[in-house]
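2 protein chains.
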Amino acid sequence: MAKKNAKISNAVIKRLPRYRRYLIELRKKGIEKISSKEFSELIGYTASQIRQDLNNFGGFGQQGYGYSVEGLYREISAILGLDKEYKMVIVGAGNLGQAIAKYTKFHKQGFKICAAFDINPKLVGNQLEGIQIYDQEELVEYVEEEEIDIGIICVNQESAQEVADKLCFAGVRGIWNFAITDIEVPSHVALEIVQLSDSLHALAYHMNAIPKNVHNAHK
Amino acid sequence: MAKKNAKISNAVIKRLPRYRRYLIELRKKGIEKISSKEFSELIGYTASQIRQDLNNFGGFGQQGYGYSVEGLYREISAILGLDKEYKMVIVGAGNLGQAIAKYTKFHKQGFKICAAFDINPKLVGNQLEGIQIYDQEELVEYVEEEEIDIGIICVNQESAQEVADKLCFAGVRGIWNFAITDIEVPSHVALEIVQLSDSLHALAYHMNAIPKNVHNAHK
Chain A
36 MAKKNAKISN AVIKRLPRYR RYLIELRKKG IEKISSKEFS ELIGYTASQI
86 RQDLNNFGGF GQQGYGYSVE GLYREISAIL GLDKEYKMVI VGAGNLGQAI
136 AKYTKFHKQG FKICAAFDIN PKLVGNQLEG IQIYDQEELV EYVEEEEIDI
186 GIICVNQESA QEVADKLCFA GVRGIWNFAI TDIEVPSHVA LEIVQLSDSL
236 HALAYHMNAI PKNVHNAHK
Chain B
36 MAKKNAKISN AVIKRLPRYR RYLIELRKKG IEKISSKEFS ELIGYTASQI
86 RQDLNNFGGF GQQGYGYSVE GLYREISAIL GLDKEYKMVI VGAGNLGQAI
136 AKYTKFHKQG FKICAAFDIN PKLVGNQLEG IQIYDQEELV EYVEEEEIDI
186 GIICVNQESA QEVADKLCFA GVRGIWNFAI TDIEVPSHVA LEIVQLSDSL
236 HALAYHMNAI PKNVHNAHK
């Protein structure tokens, strides 16, 4: 049984979805059990790292048997809270908001996008892949009434904090922030950030950090 | 002068784009200098952390004066390689690829999307915000001839590795991977990953890790 309330490091939590993805692949191939050594060769972490990571949640593995793929998949899913359903809204129905609305994979994973909101009168009243776009004025009432779990922020950086405040006031438990700015949320609200610009800039750094002669050697 | 070839930890590199964003805000406000203490209050890292981070690249700050906003902005931009221009292609012109093509902010930052590629005959030949969609068969030739720097992978998980191989073969220096799978690239190619599903799953974990009574106390 998972020790759900134990304090787990962020680094471990970041690795869990990746373990889970590999377990899904193993399930597809009909593989029923895997040793930490085999898992290590597949995923690229050391066997010791894998045992240490999974140990955080209680012992899944059995000595001399390895991990049950199905069991480990279910445990990690439960730890991540993926055995539940989540109701989400998108705030900001511009290009990024539209792309997320169209990304049907979230829905399959139990994350349902219930509505989108925007301040642009040209967008309000339209549908986005079957998702209704409402006036942003209606955000708080909608989130309260529909008991929305997660607010996805896709507005510009100037209004991101105000939108976050409204979402938190209305009672969301998590915020997924795509705005190119840092926002603050109360401690009872979870916050996860996708910073596309920062990611691209880090890529540029790494490209320039690779010595030029390595490139030339391959040309 | 920045020590460009020094080995900098990934954690520091991840923080640099964030420093830069705050420096842009300070510039907009006409602020010319900032102490590490003031910077700390703004950005939320400790003053000691800030001095340590920026020390990696040589001393920007002057004792008793603080950091020059403009100077630090330019140095960090140069360290990140943002004083250059980058040519990019998008592979996979589905919803995600389209959203990235529409995201004009990258262009303003010197990252130019030159072309998109897809295997879907319904998409090939169309334009995406002025970006031509070509047949994926033409990818290698285009990347070679146009000397593309970065390949953005927006294809499904089954074909992501094959696309990465082609991009690397054709000579890109960096890959920005949005596919929901891990890919491998040669050591002379930089790789940056945006794992939207992993990020959403981490959010779900954090939401469930916050004790329930905290939520109730706020209702």
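Going down the list, the protein sequences come from chains A and B.
Residue 204 in our numbering sits at position 169 of the first sequence, with consecutive numbering throughout.
Residue 217 in our numbering sits at position 182 of the second sequence, with consecutive numbering throughout.
All C-beta atoms, glycine included, are put in the ideal place defined by N, C-alpha and C.
Small disclaimer: the values here were computed from a predicted structure and weren't measured.
Worksheet item: Leu131 (chain B) versus chain A: which residues are under 7 Å apart at the beta carbon?
Response: Ala134 and Tyr138
Practice prompt. Pick out whichever of A:Leu51, A:Val104, A:Gln84 and A:Tyr100 has its Cα sitting closest to the Cα of Lys63 (chain A).
Written response: A:Val104
Discussion item. Taking 8 Å as the threshold (C-beta atoms), are Ile210 (chain B) and Gly186 (chain B) in contact?
Written reply: yes
Discussion item. I'd like the list of long-range same chain contacts for Lys68 (chain A), defined as Cβ closer than 8 Å, with 5 residues on each side in sequence excluded.
Written reply: Tyr100, Gly101, Tyr102, Ser103 and Val104
Item to complete: Mind checking which residues open and close the alpha helix (DSSP H) that includes Tyr177 (chain B)?
Response: Leu174 to Glu181
Worksheet item: If you draw a straight line from the C-alpha of Leu328 (chain A) to the C-alpha of Arg55 (chain A), how long is it?
Response: Look at the range of chain A in this structure, 36 to 254, and you will see that residue 328 (chain A) is not part of it.
Discussion item. Using a Cβ-Cβ cutoff of 8 Å, what residues of the region 152-186 of chain B are near chain A? List them in chain order.
Written reply: Asp184 and Ile185
Worksheet entry | Contact set for Ala134 (chain B): own chain, Cβ-Cβ below 8 Å, skip 5 residues either direction | none
Discussion item. Please return the same chain residues whose Cβ sits closer than 6 Å to the Cβ of Val27 (chain A), not counting the five positions on each side in sequence.
Written reply: Residue 27 (chain A) lies beyond the range of chain A shown here (36 to 254); nothing can be said about it.
Worksheet item: Under a Cβ-count criterion, where at least 16 other Cβ atoms within 10 Å of its own Cβ denotes burial, should His253 (chain B) be classed as buried or exposed?
Response: For His253 (chain B), the predicted model reports a pLDDT of 42, less than 50, meaning its position is unreliable; a value from the coordinates is still stated below. His253 (chain B) should be labelled exposed.
Worksheet item: With 8 Å set as the bound, which would you pick, yes or no: does the beta-carbon of Asn90 (chain B) sit closer than that to a beta-carbon of chain A?
Response: no
Fill in: Same chain, Cβ closer than 7 Å to Pro52 (chain B), five either side skipped, listed in chain order
Leu115
Practice prompt. Indicate the three-state DSSP secondary structure (helix, strand or coil) for Val124 (chain A) in the structure shown.
Written response: strand
Worksheet item: Considering only C-alpha positions, which residue in the set B:Ile78, B:Ala128 and B:Ser71 is nearest to Lys157 (chain B)?
Response: B:Ala128
Worksheet entry | Start-to-end residues for the alpha helix (DSSP H) that takes in Ile166 (chain B) | Here Ile166 (chain B) belongs to no alpha helix (DSSP H); instead the beta strand (DSSP E) covers Ile166 to Asp170.
Worksheet item: Name the DSSP bridge partner or partners of Glu227 (chain A)?
Response: A:Trp211
Worksheet item: Residues of chain B with CB under 9 Å from Arg53 (chain A), in chain order?
Response: Asp217, Gln230 and Asp233
Worksheet item: At a CB-CB cut-off below 8 Å, which residues of chain A make contact with Ile48 (chain B)?
Response: Ala237, Tyr240 and His241
Worksheet item: Does DSSP classify His250 (chain A) as helix, strand or coil?
Response: Here the model assigns His250 (chain A) a pLDDT of 47, short of 50, so the residue's position is not dependable, and the following value carries that caveat. Here His250 (chain A) sits in helix by DSSP.
Worksheet item: What separation, rounded to the nearest whole angstrom, lies between the Cα atoms of Ala37 (chain A) and Glu193 (chain A)?
Response: Interpretation of Ala37 (chain A) is limited by its pLDDT of 45, a score under 50 that renders its predicted location unreliable; the figure taken from the coordinates is listed afterwards. One C-alpha to the other measures close to 41 Å.
Worksheet item: For the region 96-118 of chain A, which residues have a CB atom closer than 8 Å to at least one CB atom of chain B, in sequence order?
Response: Ile114, Leu115, Gly116 and Leu117
Worksheet item: Relative to the C-alpha of Ser222 (chain B), which residue among A:His223, A:Glu120, A:Met242 and A:Asp233 is closest?
Response: A:Met242
Discussion item. Please return the same chain residues whose Cβ sits closer than 6 Å to the Cβ of Arg208 (chain A), not counting the five positions on each side in sequence.
Written reply: Asp184
Fill in: Beta carbon proximity, Ala225 (chain B) to chain A, threshold 8 Å
yes
Fill in: Within chain A, the residues that Phe141 (chain B) reaches when beta carbons sit closer than 9 Å
Leu231, Ser232 and Leu235
Worksheet item: Considering Lys147 (chain B), what are the terminal residues of the beta strand (DSSP E) in which it resides?
Response: Phe146 to Asp153
Fill in: Reduced DSSP category for Lys68 (chain B) - H, G, I as helix; E, B as strand; rest coil
strand
Practice prompt. Return helix, strand or coil for Ser103 (chain A), following the three-state DSSP convention.
Written response: strand
Discussion item. Cutting at 7 Å between CB atoms, please list the residues of its own chain near Glu120 (chain B), excluding the five before and the five after it.
Written reply: Gly145 and Lys147
Practice prompt. Could you name the residues of the same chain whose beta carbon sits closer than 7 Å to that of Val220 (chain A), not counting the 5 residues immediately before and after it, in chain order?
Written response: Ala199, Cys203, Ile210 and Leu226
Discussion item. So, with DSSP's three-state summary, where would you put Ile114 (chain B)?
Written reply: helix
Worksheet item: What does Phe146 (chain B) reach in chain A if we use C-beta pairs closer than 7 Å?
Response: Leu235
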